[in-house]
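Novice: What follows is a structure written as structure tokens; I'll ask about it next.
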Amino acid sequence: MSEQDERATYDIESTQAKWRKIWDESDPFTAHDDSAREKRYALTMFPYPSGDLHMGHAEVFALHDVVARYWWQRGYEVLNPMGFDSFGLPAENAAIKNDEHPATYTYGNIETSIQSCRNYALSFDWSRTFNTSDPEYYRWTQWLFLKFMERGLAYRKNSPVNWCPNDQTVLANEQVVDGHCERCGAEVTKRELTQWYFRITEYAEELLSDLDVLAPTWPDRVITAQRNWIGRSEGAHVDFAVDGRDEPMTVYTTRPDTIFGTTFMVVAVDSPLADELVTDAQRPAFEAYREETRKETEIERLSTDRPKTGVDLGVTATNPVTGDRIPVWATDYVLADYGTGAVMGVPGGDQRDWEFATEMGLTIIRTTQPPADFEGEAFHGEGPAINSPAPGVDSPLDINGLSVAEAKRATIAFLEEQGSGKGAINYRLRDWLLSRQRYWGAPIPVVHCPEHGEVPVPEDQLPVRLPELRGADLKPKGVSPLAAATDWVQTTCPTCGGPATRDTDTMDTFVDSSWYMFRYCSPDDETQAFDTDLVNQWMPCDIYIGGVEHAVLHLLYARFFTKVLADMGLVDFREPFSAQLNQGFVINRGKKMSKSLGNGVRLGDQLAEFGVDAVRLTLVFAGPPEDDIDWADMSPNGSLRFLQRAWRLSGDVTSAPGTDPAGGDVALRRATHRALHDAAELVELHRFNVMVAKIMELVNATRKAIDSDPGPGDPAVREAAEAVAIMLSLVAPYTAEEMWERLGHQPSVARAGWPAVDEALLVEESVTAVVQVQGKVKARLEVAPDVSDADLEAAALADPAVQRALDGKAVRKVIVRAPKLVNIVAG
Numbered sequence: 001m002s003e004q005d006e007r008a009t010y011d012i013e014s015t016q017a018k019w020r021k022i023w024d025e026s027d028p029f030t031a032h033d034d035s036a037r038e039k040r041y042a043l044t045m046f047p048y049p050s051g052d053l054h055m056g057h058a059e060v061f062a063l064h065d066v067v068a069r070y071w072w073q074r075g076y077e078v079l080n081p082m083g084f085d086s087f088g089l090p091a092e093n094a095a096i097k098n099d100e101h102p103a104t105y106t107y108g109n110i111e112t113s114i115q116s117c118r119n120y121a122l123s124f125d126w127s128r129t130f131n132t133s134d135p136e137y138y139r140w141t142q143w144l145f146l147k148f149m150e151r152g153l154a155y156r157k158n159s160p161v162n163w164c165p166n167d168q169t170v171l172a173n174e175q176v177v178d179g180h181c182e183r184c185g186a187e188v189t190k191r192e193l194t195q196w197y198f199r200i201t202e203y204a205e206e207l208l209s210d211l212d213v214l215a216p217t218w219p220d221r222v223i224t225a226q227r228n229w230i231g232r233s234e235g236a237h238v239d240f241a242v243d244g245r246d247e248p249m250t251v252y253t254t255r256p257d258t259i260f261g262t263t264f265m266v267v268a269v270d271s272p273l274a275d276e277l278v279t280d281a282q283r284p285a286f287e288a289y290r291e292e293t294r295k296e297t298e299i300e301r302l303s304t305d306r307p308k309t310g311v312d313l314g315v316t317a318t319n320p321v322t323g324d325r326i327p328v329w330a331t332d333y334v335l336a337d338y339g340t341g342a343v344m345g346v347p348g349g350d351q352r353d354w355e356f357a358t359e360m361g362l363t364i365i366r367t368t369q370p371p372a373d374f375e376g377e378a379f380h381g382e383g384p385a386i387n388s389p390a391p392g393v394d395s396p397l398d399i400n401g402l403s404v405a406e407a408k409r410a411t412i413a414f415l416e417e418q419g420s421g422k423g424a425i426n427y428r429l430r431d432w433l434l435s436r437q438r439y440w441g442a443p444i445p446v447v448h449c450p451e452h453g454e455v456p457v458p459e460d461q462l463p464v465r466l467p468e469l470r471g472a473d474l475k476p477k478g479v480s481p482l483a484a485a486t487d488w489v490q491t492t493c494p495t496c497g498g499p500a501t502r503d504t505d506t507m508d509t510f511v512d513s514s515w516y517m518f519r520y521c522s523p524d525d526e527t528q529a530f531d532t533d534l535v536n537q538w539m540p541c542d543i544y545i546g547g548v549e550h551a552v553l554h555l556l557y558a559r560f561f562t563k564v565l566a567d568m569g570l571v572d573f574r575e576p577f578s579a580q581l582n583q584g585f586v587i588n589r590g591k592k593m594s595k596s597l598g599n600g601v602r603l604g605d606q607l608a609e610f611g612v613d614a615v616r617l618t619l620v621f622a623g624p625p626e627d628d629i630d631w632a633d634m635s636p637n638g639s640l641r642f643l644q645r646a647w648r649l650s651g652d653v654t655s656a657p658g659t660d661p662a663g664g665d666v667a668l669r670r671a672t673h674r675a676l677h678d679a680a681e682l683v684e685l686h687r688f689n690v691m692v693a694k695i696m697e698l699v700n701a702t703r704k705a706i707d708s709d710p711g712p713g714d715p716a717v718r719e720a721a722e723a724v725a726i727m728l729s730l731v732a733p734y735t736a737e738e739m740w741e742r743l744g745h746q747p748s749v750a751r752a753g754w755p756a757v758d759e760a761l762l763v764e765e766s767v768t769a770v771v772q773v774q775g776k777v778k779a780r781l782e783v784a785p786d787v788s789d790a791d792l793e794a795a796a797l798a799d800p801a802v803q804r805a806l807d808g809k810a811v812r813k814v815i816v817r818a819p820k821l822v823n824i825v826a827g
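Each residue of the sequence shown is one higher than the one before, counting from 1 in the UniProt record's numbering.
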């Protein structure tokens, strides 16, 4: 090759413009519902249109596109849609700042994002695009809400909720991170409000048990996060009679066997029960303490390293096993929405209770025998029951000496026999709080009638459209901005026709994104939320790709929605995503990209300097998908040089298209078919970076063949170059299309089909065995793959280079690992 040819390169900008136009016209990635091909559904997590694409988008989209394009090449009909999760606070806050309607910000960003995705050469089916803020979409979000309401899964109640003082709205527990709003970072407080909830706890057991089905194909850390969040525990509900109260106080405990050690009761200070139980004498102290507690976040209340505080409510309860009367306290380390909001205080077996009892001077009784040298804190491990009952105490229940499991069973049986308790299962999971006091979301389709209460909006009146409020009218006021839209709020009751008011809250945007994957199957259907037959054809999604930050929030909600839809008879499966893949973060110089740190990297700048393909290749080749990528360590310029090297192959091939490769160079053909075989396996295993390495190896082998024997006219060279183009189309579409065209083919290489692998060419005729003497490599032998240990040892010892290295020394030991290694130790 001449020096001029070696410098030859393609013009990135003109190449991208050329193929973008061709793809727009040919539309190679439209999925056809009536296709006879086997169907695959590739889905990437619904993005929020915050502006142009950033490095995080670039990574996840590049990884996702490898899978989608690979499935097209393998002959599947691939549904690979894209839309936008377009409701939410950022648009509303931007509208307030700019005194505009949120739609102006949102839909402008959506158009920018779509153009950027197209330029980034993503194989999305744009014919199915929609946005959650489209009335045509949120009409069906509202319809689903009403269906949940019909089934008793949507309800309204008054309770203490997480409140973001900055965004002036409530937050679900999952949206509070270390006591702060996950979106804006403001410290979260508690507020008493009447809110809408989804009864996700109704599905807690199934959400937990089905994780066993998902475990083989979902990331371990996602499975673990969901298990922990659901938090199943087995124990008992125990009734404690309370002085002056007709109804007993019921508590839930995972260790009913420790009931003999219950020396006090603790009740959540912000629970209705505490307010009911407190005596008049103790009320002033109680109310002052409750007011202080309301300033604390849930994280702070549950912290293990803060002093325990509380107020004696002035009443006593009776231990149903011992008959002892024990004091009842209000405290902040018990939460009102966990179990019954009351806990039996067992300081011998619970560290928080130990610290509380120590602080308040209450009795501590151990009921499980700790190790001999254990002292100074609660013991909740395994051991025989003790003091159950205490020595010299006569009790109808005696569990002393029993193991924890045996003692639990015996205690539950006794409580059930006496009618003072019952075995129970409890969950950490709480019902999903979905009300939001902001404007830019789907209105809750309910009206409030003085006579008939909460009345669903009739289905033929959906969607309940948002009124046209602008920036100044959207400022947070502690209640929803919709409350000020009086013409919209004032309506009539669908039941009686009398005056009524609309519900002024909007839905959590996680509601919108809990069912969008179904809508993609029939996005233009005006008669139903989705076509059940089409959904059952395409779903569940074969792969779902996105960030691990959604391990609990979105994924749990989407799974819940799917199970409800299955119970409604709308789908015939109960999990939405068959497999899931998480990508890591793109960081810079060891830290998350930030303007304040001065380490931000603009995707647009990288694309302008190196081109789309080089950036995509760099991100895919950087390492395993789940690992973080430090852009400071990456070399998009090196990726560009490789792509140009691959591109030059296509211009050097001199054999005609369609030439039979059978008579071509066997060594190169072996390399080609091995690369195709390995690349396919690696994509299936999501080892995309290693797949790229295999392409690079084949490029090098092909260049070597062109520049020496057998030369550019050998049919094996064409076969190899075509294989490079097809494999490269998964990662670098523009380069691959250019190669395919220069090789004499019509576009698009993306639909060329994965070449068949000749299994005979995968059989190795020989392998290289390394021979070491005293730990240093002295020879390499070409041997048969099935060579015996004895034959390999004999060949190694006979090799002239090995003989020179031994230099007459006696051979003390020979270690053989046929067919790859011989290690000789001389004495």
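The beta-carbon is built from N, C-alpha and C at its ideal position, and this holds for glycine as well.
Please state if the CB of V586 and the CB of E59 are separated by a distance shorter than 8 Å.
Specialist: Taking the first residue of the sequence shown as 1, we reach residue 59 at position 59. Taking the first residue of the sequence shown as 1, we reach residue 586 at position 586. Cβ distance < 8 Å, so E59 and V586 count as in contact.
Novice: At a cut of 8 Å, does the segment 766-777 reach the segment 814-821 through at least three beta carbon pairs?
Specialist: Under the Cβ criterion (8 Å, minimum of three pairs), the segment 766-777 counts as touching the segment 814-821.
Novice: Can you list, in chain order, the residues of its chain whose CB lies under 7 Å from that of V653, leaving out five sequence neighbours each side?
Specialist: Taking the first residue of the sequence shown as position 1, residue 653 is located at position 653. Excluding residues within five positions, the ones whose Cβ falls inside 7 Å are P712, V717, R718, A721, L743.
Novice: So for N637, helix, strand or coil by DSSP?
Specialist: Taking the sequence shown and counting its residues from 1, the one referred to as residue 637 is at position 637. Of the three classes helix, strand and coil, the one that applies to N637 here is helix, per DSSP.
Novice: Under a three-way DSSP split, which group does P499 fall into?
Specialist: Counting from 1 along the sequence shown, the entry for residue 499 is found at position 499. Three-state result, P499: strand.
Novice: Straight-line CA distance for E205 to R232?
Specialist: For the purposes of this step, residue 205 is identified with residue 205 of the sequence shown, where counting begins at 1. For the purposes of this step, residue 232 is identified with residue 232 of the sequence shown, where counting begins at 1. When rounded, the distance between both Cα atoms is 8 Å.
Novice: Per DSSP, what are the beta-bridge partners of I587 in this structure?
Specialist: The residue labelled residue 587 in the question sits at position 587 within the sequence shown. I587 pairs with K592, D630.
Novice: What residue range does the beta strand (DSSP E) around V237 cover?
Specialist: Your numbering for residue 237 matches position 237 in the sequence shown. For clarity, residue 237 is His in the given sequence; the question names Val instead. That run of the beta strand (DSSP E) goes 232-242.
Novice: Specify, as a first and last residue, the run of the beta strand (DSSP E) that I543 falls within.
Specialist: Counting from 1 along the sequence shown, the entry for residue 543 is found at position 543. Run containing I543: 543-547, per the beta strand (DSSP E) assignment.
Novice: Leaving aside the five residues before and after F518 along the sequence, list all residues of the same chain whose C-beta is less than 6 Å from its C-beta, in chain order.
Specialist: As a position in the sequence shown, residue 518 is number 518, starting the count at 1. Once the five neighbours on either side are set aside, the close Cβ partners of F518 are F530, V535.
Novice: Could you work out which residue in P494, D503, G471 is closest to A483 when comparing CA atoms only?
Specialist: Working through the sequence shown from its first residue, we reach residue 483 at position 483. Nearest option by C-alpha distance: D503.
Novice: Roughly how many angstroms lie between the CA atoms of K295 and Y557, to the nearest whole one?
Specialist: If you number the sequence shown from 1, residue 295 lands on position 295. If you number the sequence shown from 1, residue 557 lands on position 557. Their Cα atoms are separated by approximately 29 Å.
Novice: Thinking V346 and E382 are a contact (beta carbons under 8 Å), I'd like their distance in whole angstroms, please.
Specialist: Looking up residue 346 in the sequence shown gives position 346. Looking up residue 382 in the sequence shown gives position 382. About 16 Å separates the two Cβ atoms, so there is no contact after all.
Novice: Tell me the DSSP secondary structure of E769 in three-state form.
Specialist: Taking the sequence shown and counting its residues from 1, the one referred to as residue 769 is at position 769. The residue you asked about is not Glu; residue 769 is Ala in the sequence shown. A769: strand per DSSP, three-state reduction.
Novice: Take the Cβ of H32 as the centre, count every other Cβ of all protein chains shown within 10 Å, and call the residue buried at 16 or more, exposed below.
Specialist: Mapped onto the sequence shown, residue 32 falls at position 32. Result: exposed.
Novice: Compute the Euclidean distance between the alpha carbons of D24 and T702, then round it to the nearest angstrom.
Specialist: Locating residue 24 in the sequence shown gives position 24, where the first residue counts as 1. Locating residue 702 in the sequence shown gives position 702, where the first residue counts as 1. One C-alpha to the other measures close to 32 Å.
Novice: In its own chain, which residues sit with a C-beta less than 8 Å from the C-beta of K809, not counting the 5 before and 5 after it?
Specialist: Reading the sequence shown from its first residue, position 809 is the one you call residue 809. Counting only Cβ-Cβ distances below 8 Å, and skipping sequence neighbours, we find A826, G827.
Novice: The beta strand (DSSP E) spanning I22 covers which residue range?
Specialist: As a first step, residue 22 is located in the sequence shown; it is residue number 22 there, counting from the start. Taken as a continuous stretch (DSSP letters only), I22 belongs to no beta strand (DSSP E), being part of the alpha helix (DSSP H) at 12-26.
Novice: Tell me which residues share the same chain as Y544 and place their Cβ nearer than 6 Å to its Cβ, disregarding the 5 neighbours each side in the sequence.
Specialist: Your numbering for residue 544 matches position 544 in the sequence shown. Answer for Y544: L43, F577, Q580, listed in chain order.
Novice: Mind checking R780: buried by the 16 CB within 10 Å criterion, or exposed?
Specialist: Residue 780 sits at position 780 when you count from the first residue of the sequence shown. Exposed, by the Cβ-count rule.
Novice: Using a threshold of 8 Å, state whether the C-beta atoms of L433 and Q226 are closer than that.
Specialist: As a working mapping, residue 433 is identified with position 433 in the sequence shown. As a working mapping, residue 226 is identified with position 226 in the sequence shown. No, Cβ-Cβ distance for L433 and Q226 is not below 8 Å.
Novice: From the DSSP output, in three-state form, read off I706 for me.
Specialist: By 1-based counting over the sequence shown, the position of residue 706 is 706. I706: helix per DSSP, three-state reduction.
Novice: Report the residue from H237, W140, E549, E276 whose alpha carbon sits nearest the alpha carbon of D460.
Specialist: The residue labelled residue 460 in the question sits at position 460 within the sequence shown. When each option's Cα is compared against that of D460, the closest is W140.
Novice: How many Å lie between A671 and A680 at the Cα?
Specialist: Counting from one through the sequence shown, the residue named residue 671 turns up at place 671. Counting from one through the sequence shown, the residue named residue 680 turns up at place 680. So the alpha carbons of these two residues sit roughly 14 Å apart.
Novice: Distance check for A241 and P248, CA to CA, integer angstroms please.
Specialist: Here residue 248 corresponds to residue number 248 of the sequence shown, with the count starting at 1. Here residue 241 corresponds to residue number 241 of the sequence shown, with the count starting at 1. Per the coordinates, the alpha-carbon of P248 lies some 4 Å from the alpha-carbon of A241.
Novice: For a test of the three-state rule: what should DSSP assign to T368, helix, strand or coil?
Specialist: Counted from its first residue, the sequence shown places residue 368 at position 368. T368 falls in the strand class under three-state DSSP.
Novice: Name, in chain order, the residues that DSSP records as bridge partners for E182.
Specialist: Locating residue 182 in the sequence shown gives position 182, where the first residue counts as 1. Its beta-bridge partners do not exist; DSSP assigns none.
Novice: Ordered along the chain, which non-local residues of its own chain (more than five positions away) have a Cβ less than 8 Å from that of W362?
Specialist: What you label residue 362 is simply residue 362 of the sequence shown in a count that begins at 1. Reading off the sequence, residue 362 comes out as Leu, not Trp. T263, F264, P327, G345, P347, F356, listed in sequence order.
Novice: Grab me the residues of V334's own chain with a C-beta within less than 6 Å of its C-beta, minus the 5 sequence neighbours each way, in chain order.
Specialist: Residue 334 sits at position 334 when you count from the first residue of the sequence shown. The answer, listed in chain order, is V266, A268, V343.
Novice: Quick one, which of V787, E782, G775 has its alpha-carbon nearest Y824's?
Specialist: Along the sequence shown, read from residue 1 onward, the residue named residue 824 stands at position 824. In the sequence as presented, Tyr is not what sits at residue 824; that position holds Ile. Nearest C-alpha to I824 among V787, E782, G775: G775.
Novice: Answer with buried or exposed for I425, where buried requires no fewer than 16 other C-beta atoms within 10 angstroms of its C-beta.
Specialist: As a first step, residue 425 is located in the sequence shown; it is residue number 425 there, counting from the start. I425 should be labelled exposed.
Novice: Give a yes or no on contact between the segment 488-499 and the segment 433-453, applying the rule of three or more CB pairs nearer than 8 Å.
Specialist: yes
Novice: In the DSSP output, which residue or residues are listed as bridge partners for M249?
Specialist: Position 249 of the sequence shown holds residue 249. In the DSSP output, where bridge partners are listed per residue, M249 has F240.
Novice: Report all residues from its chain with a CB closer than 6 Å to the CB of R428; omit the five preceding and five following residues, and keep chain order.
Specialist: The residue you call residue 428 lines up with position 428 of the sequence shown. Same-chain partners within the cutoff: G231.
Novice: List the DSSP bridge partners of Y427.
Specialist: Along the sequence shown, read from residue 1 onward, the residue named residue 427 stands at position 427. Per DSSP, R232.
Novice: Is T217 buried or exposed, if buried means 16 or more other CB atoms sit within 10 Å of its CB?
Specialist: Position 217 of the sequence shown, counting from 1, holds the residue named residue 217. The residue is exposed, with fewer than 16 neighbouring Cβ atoms inside 10 Å.
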